[in-house]
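Residue numbers (the working numbering): 10 to 125.
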């Protein structure tokens, strides 16, 4: 038979050094809120630039005079907000009163066609 064996574990001389973790304080800086204000819009003054607008008032909406009279007599013709919404109205003025195209020209070329 064999003799019993004994195993002895010697104590370790390893010591653990205590650890410490120091966290730096966190600082959050917020920039002040900024606001944006839209620039005021300017509306063109509704005035007549011709002296004889009252005389030509009956022609405010009569072709071929309406375009010229409305541009010079905006207040008298009551067309201060009247404008074209397209850039190519002048060359197509002959289509303004054509029933097939009139709805389009009323919305896109109101000033040129004399609809307002």
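Idealized CB from N, CA, C, for every residue including glycine.
Note that this is a predicted model, so its numbers are computed, not measured.
### Task
Please state if the CB of residue 71 and the CB of residue 79 are separated by a distance shorter than 7 Å.
no
### Query
Between residue 93 and the rest of its own chain, which residues show a CB-CB distance below 8 Å, the 5 nearest in sequence each way excluded?
117, 118, 119, 120, 121
### Query
In whole angstroms, what is the alpha-carbon distance linking residue 77 and residue 57?
12 Å
### Query
Quick one: Cα of residue 96 to Cα of residue 83, how far?
20 Å
### Message
Helix, strand or coil for residue 130? Go by DSSP, reduced to three states.
### Response
With the chain covering only 10 through 125, there is no way to say anything about residue 130.
### Message
Using only the alpha-carbon positions, how far apart do residue 99 and residue 114 sit?
### Response
11 Å
### Message
Just to confirm before moving on: does the CB-CB distance between residue 86 and residue 69 stay below 7 Å?
### Response
yes
### Query
Any idea if residue 75 is buried or exposed, counting beta-carbon neighbours within 10 angstroms, 16 or more meaning buried?
buried
### Query
According to DSSP, which residues form a beta bridge with residue 125?
Bridge partners of residue 125: none, in fact.
#### Entry: For residue 60, the nearest candidate out of 81, 67, 54, 73 (CA to CA)
81
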